[in-house]
Amino acid sequence: MSFSQGAGTAAPSPTPSTLSQITSQSQTKKRSRPDENIVYSQPKSTSTGREIMTRVVYACEYLREKNHPLLFSDVFSHLSIQVYVEGNPLPQMAPQGGRDWNTIQSILQKHKQVDYDPNGFNGKSSYRYRPKHNVRSADELKGFLQRQTNSVGIRVLELKDGWPGALDTINELESEGEILVTHHQKTNQPLLVWENDSSLAGPMTLIHSMDDEFKSMWLNIQLPQNPDDLRSRLVAANLNPTTAPKEVKKTKPKARKKTQRKGKINSNKHMLDMFRDYADKKA
């Protein structure tokens with residue numbers, strides 16, 4: 001008995017699984033992308049936290065450049081702080097009396113590099129850069145040098161901090177003999193300044209001119225042309241020339257004392273049981 005299929009009948013196809021259907025549907029569907037023109041919500045202010053102190057540094061630099069009292073509104077407008085307002089996607093200038101305004105104003109009023117005067121500008125309060133030395137003119141410089149209680153010179157770099165015309169004034173006062181200045185050897189820039197005390201004798205106070213007789217005596221001193229001759233003359237006069245080699249004193253090495261060792265007998269008392277003879281105790 002044989003079972004034969006007809007020519008018109010075909011084998012049934014397998015039923016697709018649920019996983020394959022889900023995979024095919026996910027491949028045919030395209031992912032939805034958000035529109036590029038959508039503007040999401042922004043914070044109310046982007047100049048908070050660490051940026052506040054950066055704004056304060058910029059404000060101090062601006063006060064130093066101006067070198068005269070300013071209103072806080074002028075300083076705040078120079079910072080150009082931008083904030084985002086709810087409902088407006090574009091940034092706007094920070095308003096006066098806002099959070100940034102109040103925060104920076106309170107910091108500048110207590111800042112060590114700012115002179116805050118609440119009575120300045122007819123009660124509107126003023127802000128001015130405070131340098132390390134409050135000197136901004138020739139008279140203030142001379143008075144400041146007169147009040148010094150030590151002989152340490154004042155650095156010109158510190159005077160230039162809050163005084164743009166410090167170099168010109170220092171050069172002028174030096175030429176007039178009112179201050180003493182030391183200069184850099186290569187650039188000839190002034191480094192330190194001192195007061196030239198007018199109470200001392202002499203027309204130029206601490207800057208004295210030499211007599212012509214002393215100059216002629218000094219210039220008439222003839223030195224040997226050969227450096228070796230000068231060296232021999234110094235040695236003959238019991239003087240040490242600067243080119244003389246440094247004599248190193250030889251020191252004898254210290255003799256080491258021999259330490260006496262204490263006599264000690266080494267014994268193996270802790271191992272007596274191991275060396276004991278147990279032959280007589282054998283069974």
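Heads up: the sequence shown at position 89 corresponds to 89 in the UniProt record's numbering, and the numbers run straight through without jumps. Think of the CB as a built atom: it goes at the ideal place given N, C-alpha and C, for glycine as much as any other residue.
Anticipated Cβ contact below 8 Å, residue i with residue j, distance rounded
i, j, result
"P190", "L167", "7 Å"
"G89", "V83", "As written in the sequence, residue 89 is Pro, which differs from the Gly given in the question. Contact flag wrong, Cβ pair sits at about 13 Å."
Cutoff 6 Å; reference residue i; Cβ partners in own chain excluding five residues on either side
i, result
"R136", "W163"
"E213", "none"
"K44", "At K44, the pLDDT of 49 sits below 50, so the modelled position is not reliable; the number obtained from the coordinates is stated separately. Nothing meets the Cβ criterion."
"T169", "A138"
"G120", "P69, S126"
DSSP three-state assignment for residue i, whether helix, strand or coil
i, result
"L70", "strand"
"D115", "strand"
"M274", "helix"
"I52", "helix"
"V135", "coil"
"I104", "helix"
"V193", "strand"
"V248", "coil"
Residues near residue i in its chain [Cβ-Cβ closer than 8 Å; skip 5 each side]
i, result
"residue 294", "Outside the shown range of the chain, which is 1 to 283, sits residue 294, and nothing can be said about it."
"E158", "P131, K132, H133"
"K160", "A166, L167"
"G49", "Confidence at G49 is low in this model, with a pLDDT of 42, below 50, so its placement is unreliable and the value that follows should be read with caution. Answer for G49: no residue qualifies."
"I52", "D100, T103, I104, I107"
Status (buried if at least 16 other CB within 10 Å, exposed otherwise) for residue i
i, result
"N188", "exposed"
"Q113", "buried"
"A94", "buried"
"D100", "buried"
Margin query: Using a Cβ distance threshold of 8 Å, determine whether the stretch 94-110 contacts the stretch 52-67, with at least three qualifying pairs required.
Written below: yes
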